[in-house]
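Enquirer: So the sequences go chain by chain: C and R. Taken in order, the first sequence gives residues 1 to 147; the numbers are from the UniProt record's numbering. Taken in order, the second sequence gives residues 1 to 396; the numbers are from the UniProt record's numbering. Yeah, the Cβ is synthetic: ideal placement off N, Cα and C, and Gly gets one too.
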Amino acid sequence: MRVARGLLIAAGLGLLGYGAFLVLTEIAPSRWLGIVVWVGAAILLHDGVLAPIVVAVGLGAERVRDRFGRRGVAVAQGALLVGAILTAITVPALVASTLGNPNPTILVGSYGLALAIVWTVVLWVAALALRTSRTLVRRAERATRTK
Amino acid sequence: MAGFTERASARIAERLEPLMGGARDAASDPPVKSARTTVVIGRLLGIAFLTCFATGLYSHLLQDPLPWLPMPARPVELYRVTQGLHVISGTAAVPLLLAKLWTVYPRLFEWPPVRSVAHALERASIAVLVGVSLVEVTIGLLNLVQWYVFPFSFRTTHFALAWVLIGALAVHLGVKLPVIVRVWRRRPDDPPDAAGRTLTRRGFVGAVGAAAASAVLLTAGQTVPALAPFNALAPRRMGVGPQGLPINRTAAQAGVTDTAVAPDWVLTVATPSGSRDFTLDDLHALPQAEAVLPIACVEGWSQSATWRGVRMVDLLAAAGAAGPTAPLRIESLQERGAFARTEMPPQYATDPLTLVALELNGGTLHVDHGYPARVIAPGRPGVMQTKWLRRIEVTA
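In structure tokens, the structure reads:
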């Protein structure tokens, strides 16, 4: 374990060093600040905006868990996750196609329409899961009451 | 003065500690956000990143070859596969990276934030790993759609940061190895599935898998013919372009709309013993050959096509320079751009499948595909398949 850890850390530092060397030798110094700003902004946007939103959604899901049933809420969350990821990978194409490109063979999809369809499916799956699960919860509640 | 700073920092810590504790409690979700989930997702993310790194390195080696390392020309679809994999695993890395970060997010609020010098260094290396990973994936996606909003060059930055990422990843694995090994030696009190706040551990991994699979399914059709019917979200589409083939750069973008169709166009082949100009009629008069070869772009899209023209070996022989032993220098009519001049190592120049193509899919080459003549060779990135040829120089 000690040897493996030492090797991994030493190799990692070597690779990191080579990467830093490439940044310093292959990239003009005028570009360094832009790279640092992008890396810093990526951390801030993730840790300060994106992750808190996801945590908030999770807390909201927990609040309605007992009313709608654990299963339904979990499926709805999964569907939301798929929708969010597909949106994230399509936003660049969506924005870039509004900016225009002199090459007619790039950005040939209808990305707005595609995302609309994705979200229709995602929301339909989530709604169906929540409804089914809510019905099961109600039935169980009634069964305990009449017992 | 020292007493004042001490008291002030104690006051700040007093206020911050419960805040950080509250954030950690809100963000935590054991056993879903646990070392075990992190190891499971991290392993998949590690595979995706290593695939991206290896295929990216291969792509850079093809574009900037090392003199002592000959690159393979077979199988002809090799680059199509490696670069397709590069973009596909980069796309799959989006949900995997976000999921990986989600499982460790509560640790951001650990208290005290720094325990020792070693701990400070470890947290700094994680900041580098997280920031660079997010930037690599983001600028990769932006490059696919040619949206250059970032204030630096894509190619050099994506390459340099890839080394930083893999290095920081190896350091991270070294630091966390005891945790990983503990998860691998499954404790009996750690069942494979367990419920968290709402999702179970398997439910979470399944949802992330579904997100990664749907992202790949809806984009990989620009590379994988079998998935073409599902291609709804990728920037390119198979069959869409002049002569049914996409293009990376149009004649107008390259500034060759006039020079490419000039009636006095000739292809100059310069050899150590002299030089010969070939008109388009001269090229048509040479023996013609056909090859089925893919155009495989660095941006990950690819498509196979049928090319017809003069074999490079036949052209060089006609110019009196059979069997080159040094890279050919190939020039385009295109004046600007990093790939206006390219080099072709001898193993490609002497390959019987390498053509100076005059026709594509049964018709005269469209000007956006490189009319009057272009290079097409097996196993090379699209940017090296020089269009609008002007001059080929044999140095040895």
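Roughly how far, in whole angstroms, is the beta-carbon of L107 (chain C) from the beta-carbon of A116 (chain C), given that I think they are within contact range, below 8 Å?
Expert: Start at 1 with the first residue of the first sequence, and residue 107 (chain C) comes out as number 107. Start at 1 with the first residue of the first sequence, and residue 116 (chain C) comes out as number 116. Wrong, their Cβ atoms sit about 17 Å apart, outside the cutoff.
Enquirer: Taking C-beta pairs closer than 8 Å, name the residues in chain R that L8 (chain C) reaches, listed in chain order.
Expert: Counting from one through the first sequence, the residue named residue 8 (chain C) turns up at place 8. Correct list: A170, V171, L173, G174, L177.
Enquirer: Quick one: grab the DSSP three-state call for T271 (chain R).
Expert: On the second sequence, position 271 is the one that residue 271 (chain R) refers to. DSSP places T271 (chain R) in strand when its eight states are reduced to three.
Enquirer: Alpha carbon to alpha carbon, how far is S28 (chain R) from V73 (chain C)? Give it in angstroms, no decimals.
Expert: Looking up residue 73 (chain C) in the first sequence gives position 73. Looking up residue 28 (chain R) in the second sequence gives position 28. Distance between the alpha carbons of V73 (chain C) and S28 (chain R) is about 18 Å.
Enquirer: Please report the distance separating the alpha-carbon of A93 (chain C) from that of W163 (chain R).
Expert: Within the first sequence, the letter at position 93 stands for residue 93 (chain C). Within the second sequence, the letter at position 163 stands for residue 163 (chain R). Roughly 27 Å between the two C-alpha positions.
Enquirer: Alpha carbons only, please: which of R:A260, R:V367, R:A92, R:G42 is nearest the one belonging to C52 (chain R)?
Expert: Stepping through the second sequence from its first residue, residue 52 (chain R) is reached at position 52. Checked all of R:A260, R:V367, R:A92, R:G42; the closest Cα to C52 (chain R) is R:A92.
Enquirer: Under 8 Å Cβ-Cβ, which residues of chain C neighbour W147 (chain R)?
Expert: Indexing the second sequence from 1 puts residue 147 (chain R) at position 147. Those within 8 Å of W147 (chain R) in chain C are P92, V95, A96, L99.
Enquirer: Please confirm whether P159 (chain R) and N143 (chain R) have their CB atoms less than 8 Å apart.
Expert: Within the second sequence, the letter at position 159 stands for residue 159 (chain R). Within the second sequence, the letter at position 143 stands for residue 143 (chain R). According to the sequence provided, residue 159 (chain R) is Phe. The question's Pro does not apply to it. Against a cut-off of 8 Å, the Cβ pair of N143 (chain R) and F159 (chain R) comes out as no contact.
Enquirer: Could you say which of R:L316, R:V356, R:H369 lies nearest to E393 (chain R) if we only look at CA atoms?
Expert: For the purposes of this step, residue 393 (chain R) is identified with residue 393 of the second sequence, where counting begins at 1. It is R:L316 whose Cα lies nearest to the Cα of E393 (chain R).
Enquirer: List the whole-angstrom C-beta distance separating G300 (chain R) from V87 (chain R), where the pair is believed to meet the contact cut-off of C-beta under 8 Å.
Expert: In the second sequence, counting from the first residue as 1, residue 300 (chain R) sits at position 300. In the second sequence, counting from the first residue as 1, residue 87 (chain R) sits at position 87. Indeed they touch by this definition, with Cβ atoms about 3 Å apart.
Enquirer: Please look up how many angstroms separate the CB atoms of G78 (chain C) and A207 (chain R), rounded, as I've assumed it's under 8 Å.
Expert: Against the first sequence, residue 78 (chain C) aligns to sequence position 78. Against the second sequence, residue 207 (chain R) aligns to sequence position 207. Between A207 (chain R) and G78 (chain C) the Cβ distance is about 3 Å, and since that is below 8 Å, they are a contact.
Enquirer: Just verifying my parser: in three-state terms, what is the DSSP assignment at D368 (chain R)?
Expert: To locate residue 368 (chain R), count along the second sequence from 1; it is residue 368. Of the three classes helix, strand and coil, the one that applies to D368 (chain R) here is helix, per DSSP.
Enquirer: So which of R:A168, R:L353, R:N361 has the shortest CA-CA distance to G17 (chain C)?
Expert: As a position in the first sequence, residue 17 (chain C) is number 17, starting the count at 1. The option with the nearest alpha carbon to G17 (chain C) is R:A168.
Enquirer: What does R36 (chain R) touch in chain C if you count any residue whose Cβ is under 9 Å from its own?
Expert: Taking the first residue of the second sequence as position 1, residue 36 (chain R) is located at position 36. Neighbours of R36 (chain R) on chain C: none; closest Cβ ~18 Å, over 9 Å.
Enquirer: Please check the pair R236 (chain R) and Q253 (chain R), which I expect to be a contact at CB under 8 Å, by giving their CB distance rounded to whole angstroms.
Expert: Residue mapping note: residue 236 (chain R) aligns to position 236 of the second sequence, counting from 1. Residue mapping note: residue 253 (chain R) aligns to position 253 of the second sequence, counting from 1. No, R236 (chain R) and Q253 (chain R) are not in contact; Cβ-Cβ is about 16 Å, not under 8 Å.
Enquirer: Would V73 (chain C) pass as an interface residue toward chain R - the criterion being a Cβ-Cβ separation below 8 Å?
Expert: Looking up residue 73 (chain C) in the first sequence gives position 73. By this cut-off, V73 (chain C) is an interface position.
Enquirer: Look at the Cβ atom of E62 (chain C), then the Cβ atom of T198 (chain R), and state whether they are nearer than 8 Å.
Expert: Taking the first sequence and counting its residues from 1, the one referred to as residue 62 (chain C) is at position 62. Taking the second sequence and counting its residues from 1, the one referred to as residue 198 (chain R) is at position 198. Going by C-beta atoms, E62 (chain C) is nearer than 8 Å to T198 (chain R).
Enquirer: Is there a Cβ from chain C that is less than 8 Å from the Cβ of T219 (chain R)?
Expert: In the second sequence, counting from the first residue as 1, residue 219 (chain R) sits at position 219. It does; some Cβ of chain C falls within 8 Å.
Enquirer: Distance cutoff 8 Å, beta carbons only. Does R65 (chain C) sit that close to anything in chain R?
Expert: Position 65 of the first sequence, counting from 1, holds the residue named residue 65 (chain C). With 8 Å as the cut-off, R65 (chain C) counts as an interface residue toward chain R.
Enquirer: Identify each residue in the segment 125-137 of chain C for which the Cβ-Cβ distance to at least one residue of chain R is less than 7 Å, and report them in chain order.
Expert: Cβ contacts with chain R: none found.
Enquirer: Closer than 8 Å by C-beta to L80 (chain C): which residues in its own chain qualify, once you throw out the five before and the five after it? Chain order, please.
Expert: For the purposes of this step, residue 80 (chain C) is taken as residue 80 along the first sequence, with counting starting at 1. Excluding residues within five positions, the ones whose Cβ falls inside 8 Å are V57, V122, A126.
Enquirer: Would you call the CB atoms of F339 (chain R) and V298 (chain R) closer than 8 Å?
Expert: To locate residue 339 (chain R), count along the second sequence from 1; it is residue 339. To locate residue 298 (chain R), count along the second sequence from 1; it is residue 298. Contact: no.
Enquirer: Can you tell me whether F68 (chain C) is buried or exposed? The criterion is at least 16 other CB atoms within 10 Å of its CB, across all chains shown.
Expert: As a first step, residue 68 (chain C) must be located in the first sequence, where it is residue number 68. It is buried - the Cβ of F68 (chain C) has at least 16 other Cβ atoms within 10 Å.
Enquirer: Please name the residue in R:R43, R:T386, R:V313 whose C-alpha comes closest to that of K176 (chain R).
Expert: What you label residue 176 (chain R) is simply residue 176 of the second sequence in a count that begins at 1. That would be R:R43, whose Cα lies nearest to the Cα of K176 (chain R).
Enquirer: If you follow the alpha helix (DSSP H) that S133 (chain C) is part of, which residue opens it and which one closes it?
Expert: For the purposes of this step, residue 133 (chain C) is taken as residue 133 along the first sequence, with counting starting at 1. That run of the alpha helix (DSSP H) goes 111-146.
Enquirer: For chain R, find out if any of its Cβ atoms is closer than 8 Å to the Cβ of V108 (chain C); answer yes or no.
Expert: As a working mapping, residue 108 (chain C) is identified with position 108 in the first sequence. Yes, its Cβ sits closer than 8 Å to a Cβ of chain R.
Enquirer: Would you mind reading off the limits of the beta strand (DSSP E) that contains E110 (chain R)?
Expert: Translated into the one-based positions of the second sequence, residue 110 (chain R) becomes position 110. Counting along the chain, E110 (chain R) falls outside any beta strand (DSSP E), and DSSP gives it neither H nor E.
Enquirer: Pull up the distance between the alpha-carbon of R145 (chain C) and that of R138 (chain C), whole angstroms please.
Expert: Mapped onto the first sequence, residue 145 (chain C) falls at position 145. Mapped onto the first sequence, residue 138 (chain C) falls at position 138. In a straight line, the C-alpha of R145 (chain C) is about 11 Å away from that of R138 (chain C).
Enquirer: I27 (chain C) CB to nearest chain R CB: under 8 Å?
Expert: Translated into positions along the first sequence, residue 27 (chain C) becomes position 27. At least one chain R Cβ lies under 8 Å of I27 (chain C).
Enquirer: What is the DSSP secondary structure of E62 (chain C), counted as helix, strand or coil?
Expert: To locate residue 62 (chain C), count along the first sequence from 1; it is residue 62. Reduced to three states, the DSSP call for E62 (chain C) is helix.
Enquirer: If you check the beta carbons only, do S125 (chain R) and V179 (chain R) fall under 8 Å apart?
Expert: Here residue 125 (chain R) corresponds to residue number 125 of the second sequence, with the count starting at 1. Here residue 179 (chain R) corresponds to residue number 179 of the second sequence, with the count starting at 1. No, Cβ-Cβ distance for S125 (chain R) and V179 (chain R) is not below 8 Å.
Enquirer: Does A226 (chain R) pass the burial test, meaning 16 or more other C-beta atoms within 10 Å, or should it be called exposed?
Expert: Along the second sequence, one-based indexing puts residue 226 (chain R) at 226. With fewer than 16 Cβ atoms within 10 Å of its Cβ, A226 (chain R) is classed as exposed.
Enquirer: Going by C-alpha to C-alpha distance, which of C:L45, C:R71, C:G34 sits closest to T132 (chain C)?
Expert: Against the first sequence, residue 132 (chain C) aligns to sequence position 132. Nearest C-alpha to T132 (chain C): C:R71.
Enquirer: Which residues, in chain order, does the segment 78-89 of chain C contribute to contact with chain R at a C-beta distance below 7 Å?
Expert: Going along the segment 78-89 of chain C in chain order, one finds G78, L81, V82, I85, L86, A88, I89 with a Cβ nearer than 7 Å to chain R.
Enquirer: For P114 (chain R), I'd like the list of residues in its chain whose CB is within less than 8 Å of its CB, leaving aside the five on either flank, ordered along the chain.
Expert: Here residue 114 (chain R) refers to the residue found at position 114 when the second sequence is read from its first residue. A small correction: the amino acid at residue 114 (chain R) is Val; Pro does not occupy that position in the sequence shown. Closer than 8 Å at Cβ, skipping near neighbours: A120, R123.
Enquirer: How about the segment 309-329 of chain R and the segment 257-275 of chain R: do they share at least three Cβ pairs that are nearer than 8 Å?
Expert: Segments in contact, yes.
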